[in-house]
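Participant: Quick one: the structure is below, questions incoming.
Number of protein chains: 2
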Amino acid sequence: MSQTVDRALSILPLLAEGPADLGQVATRLDVHKSTALRLLRTLHDHGLVYRQSDQRYRLGARLFALAQEAAEHLDVREIAHPHLVALNEACGHTVHLAIHEDNEVLYIDKVESRYPVRMYSRIGKPVAITVAAVAKLLLADLSEPERRAIAERLDYPRYTPRSTPNAEAYLKELATVREQGWATDLGGHEESINCVGAPIRGTDGRSIAALSVSAPNVVVTAEELLTLLPLVRRTAEAITREYAGTTTPPAA
Amino acid sequence: MSQTVDRALSILPLLAEGPADLGQVATRLDVHKSTALRLLRTLHDHGLVYRQSDQRYRLGARLFALAQEAAEHLDVREIAHPHLVALNEACGHTVHLAIHEDNEVLYIDKVESRYPVRMYSRIGKPVAITVAAVAKLLLADLSEPERRAIAERLDYPRYTPRSTPNAEAYLKELATVREQGWATDLGGHEESINCVGAPIRGTDGRSIAALSVSAPNVVVTAEELLTLLPLVRRTAEAITREYAGTTTPPAA
DNA sequence: GCACCCGTTGCGTTCTGTGCAACACTCATT
DNA sequence: AATGAGTGTTGCACAGAACGCAACGGGTGC
């Protein structure tokens, strides 16, 4: 919408890949060096970009401050965290917390597995929306037309033979998840990794977040993982209750 | 430097204070509503800003992703973290890790105290540069003219009667810190809180980060806290050594 | 039903961002 | 030393993009 800002903001994910010098930035943005310089300076003034001693640019520490403040306003996260830790202590596996935002589902918290074999994921990273248990949980509670609109807009990458193949299958899966109140991902994203998840609901009963437990086949089989379902659901419900307690009804 | 980008970026800290609607943003920026709308839309397109259900804007979860990626490139943090945890387990108090960037000193990691009485701080937050132990450690290793330039540019807020009063006192303090290789903050920021810290050095011997242990008077006296100094220094040195081991000399 | 408030749109003007070209600087190479 | 290629930086004229205005639309409350 605004060309200048658009270009400037495009620099951030670019630098997230690693430090870059002025020329590289200009090339990647397809603008003149002087333009890139001006944009970088402005970003620098706001602390979002830092110039390291070799003159190359990288993301600035101010991003931490902003992200951290943003996190403080995501109060679900604060409330959920101790529960996630408890769940991890009980089962030992990786625990994720995710929210739905702008047609993306993002992990906003994570407690690492105690086992040496870990799955790769990253807080803030968009999840594979067509297969992840948390994604299904969050989308399942949307209205029927919304679900349909999203389902049809998505791509359905075949991460594995078990990945959701198309919109039709996805909508059916969402209906199932909505019905049963929990979801799984059995090798749909990575062949050897299974997940089981449950929704955290707002005061209006719709899911505002979702948590999941993930473990590789080599540690526990899918059947064994499913025995954790009651625990996972109880944890989600505990968070839901606590969230309801602290939530003041909409002010205005 | 670039007006449009400057305005757009100014929205971020504004929203960090809490969600705001279009009118509020426009007022705070002192621009027309339509201008604010355009900027917000652009930020939104990049995921830095999220529009919640009541139409108000807040910071977007994409900021997490960026901050997280930025953190992965701050390799000091990765290396230091387990040491900080170990230090916390040994002494029980709050442990901070900070770096110096653009005339600010920022916390980039933190391990919470095990005691119920905690001090307030936040990762990403700029620290009180004139009094904090970590700030003194990081500035002490700059060249003499740099130190002088910074010292004279700073304000010297009197947080407490023990706060550093002026540039002269600060420069003297920096000299002491440089000499002895460790630093304290004894009630200089908050009356009842004491800190003791030590520097983490790069391969060139200059401090690239600093860690500190903080505890309130009610838990341990300043004298007791100082008995931790050898442990704090050993921890910092261990991180320094590990950092030196993993650091590949500048490529080009 | 009215008035009010808020977000949104289209448009003409003008200010701002743009790319160019020249400059300054460092670092290798000859 | 001198040359050249590679950086980052500056000033400037032009054009195009961002600006503010005014009018519209869709709520909400009186």
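Heads up: the sequence lines are chains W and H, in that order.
FYI, the numbering for the first sequence is 1 to 252, going by our numbering.
FYI, the numbering for the second sequence is 1 to 252, going by our numbering.
Where a beta carbon is used, it is the ideal one built from N, C-alpha and C, also for glycine.
(1) Is DSSP giving P19 (chain H) helix, strand or coil here?
(2) To the nearest angstrom, report how far apart R135 (chain H) and A98 (chain H) are at their CA atoms.
(3) Taking Cβ positions only, does Q259 (chain H) come closer than 8 Å to chain W?
(4) Is the CB of L59 (chain H) under 8 Å away from at least one CB in chain W?
(5) Can you list, in chain order, the stretches of the alpha helix (DSSP H) that have 4 or more residues and sit fully within the segment 2-77 of chain H?
(6) Which residue wins for smallest C-alpha separation from G202 (chain W), given the options W:A183, W:Q180, W:V219, W:G245?
(7) Would you please verify whether the beta carbon of I123 (chain W) is less than 8 Å from any beta carbon of chain H?
(8) Just checking, does the segment 104-112 of chain W make contact with the segment 175-183 of chain W on the three C-beta pairs under 8 Å criterion?
(9) Are the C-beta atoms of D204 (chain H) and some chain W residue less than 8 Å apart?
(10) Can you name the residues of chain W whose CB is closer than 8 Å to the CB of L66 (chain H)?
(11) If contacts are defined as beta-carbon pairs under 8 Å, then V90 (chain W) and L211 (chain W) qualify, I think. What distance do you get, rounded to the angstrom?
(12) Against chain W, with Cβ distances strictly below 8 Å, would R41 (chain H) count as a contact?
(13) Helix, strand or coil: which one does DSSP assign to E190 (chain H)?
(14) Could you check if H93 (chain W) is buried or exposed, using at least 16 other CB atoms within 10 Å of its CB as the buried criterion?
(15) Give me the residue from W:N166, W:I200, W:L231, W:L59 with the minimum Cα distance to G188 (chain W).
(16) Let me check one thing: in DSSP terms, what residues is K110 (chain W) bridge-paired to?
(17) Look up G197 (chain W) in the DSSP assignment and say whether it is helix, strand or coil.
(18) Can you tell me where the beta strand (DSSP E) holding A209 (chain W) begins and where it ends?
(19) Mark G124 (chain W) as exposed unless 16 or more other C-beta atoms lie within 10 angstroms of its C-beta, in which case mark it buried.
(20) So for V131 (chain W), helix, strand or coil by DSSP?
(21) For V177 (chain W), name the three-state secondary structure that DSSP assigns.
(22) Identify the continuous alpha helix (DSSP H) that holds I150 (chain H) and give its terminal residues.
(23) Going straight from the alpha carbon of R56 (chain W) to that of I239 (chain H), what length do you get?
(24) Please list the partners that H46 (chain W) has in chain H, where partner means a Cβ-to-Cβ separation under 7 Å.
(25) What is the DSSP secondary structure of P126 (chain H), reduced to helix, strand or coil?
(26) Where does T184 (chain W) sit, in a helix, a strand or coil, going by DSSP?
(27) Any C-beta of chain W sitting closer than 8 Å to the C-beta of L231 (chain H)?
(28) Contact defined as beta carbons within less than 8 Å: I believe A209 (chain W) pairs with V76 (chain W). What is the distance between those atoms, to the nearest angstrom?
(29) Answer with buried or exposed for A149 (chain W), where buried requires no fewer than 16 other C-beta atoms within 10 angstroms of its C-beta.
(30) Would a C-beta distance cut-off of 8 Å place V5 (chain W) and V95 (chain W) closer than the cut-off?
Facilitator: Inspection of the coordinates gives the following:
(1) coil
(2) Just to set this straight, residue 135 (chain H) is Ala in the shown sequence, not Arg. Distance between the alpha carbons of A135 (chain H) and A98 (chain H) is about 8 Å.
(3) With chain H represented from 1 up to 252, any question about residue 259 (chain H) goes unanswered, as that position is not in the structure.
(4) yes
(5) For the segment 2-77 of chain H, the continuous alpha helix (DSSP H) assignments of 4+ residues that do not extend past its boundaries occur at 3-16, 22-29, 33-45, 62-73, in sequence order.
(6) W:G245
(7) yes
(8) no
(9) Not a single C-beta of chain W is nearer than 8 Å to the C-beta of D204 (chain H).
(10) L12, P13, A16, L59, L63, A67, G124
(11) This sequence places Ala at residue 90 (chain W); Val is not what is there. That belief does not hold up - the Cβ atoms of A90 (chain W) and L211 (chain W) are roughly 13 Å apart, past 8 Å.
(12) yes
(13) coil
(14) By the neighbour-count rule (16 or more Cβ atoms within 10 Å), H93 (chain W) is buried.
(15) Nearest to G188 (chain W) by C-alpha distance, out of W:N166, W:I200, W:L231, W:L59, is W:N166.
(16) W:H96.
(17) strand
(18) First-last of the beta strand (DSSP E) with A209 (chain W): 207-216.
(19) buried
(20) DSSP places V131 (chain W) in coil when its eight states are reduced to three.
(21) Three-state result, V177 (chain W): helix.
(22) 144-153
(23) R56 (chain W) and I239 (chain H): Cα-Cα distance of roughly 25 Å.
(24) Contact annotation for H46 (chain W) against chain H: L9 [CB-CB distance below 7 Å, chain order].
(25) Three-state DSSP puts P126 (chain H) in a strand.
(26) strand
(27) no
(28) 5 Å
(29) exposed
(30) For V5 (chain W) and V95 (chain W), no; Cβs fall outside 8 Å.
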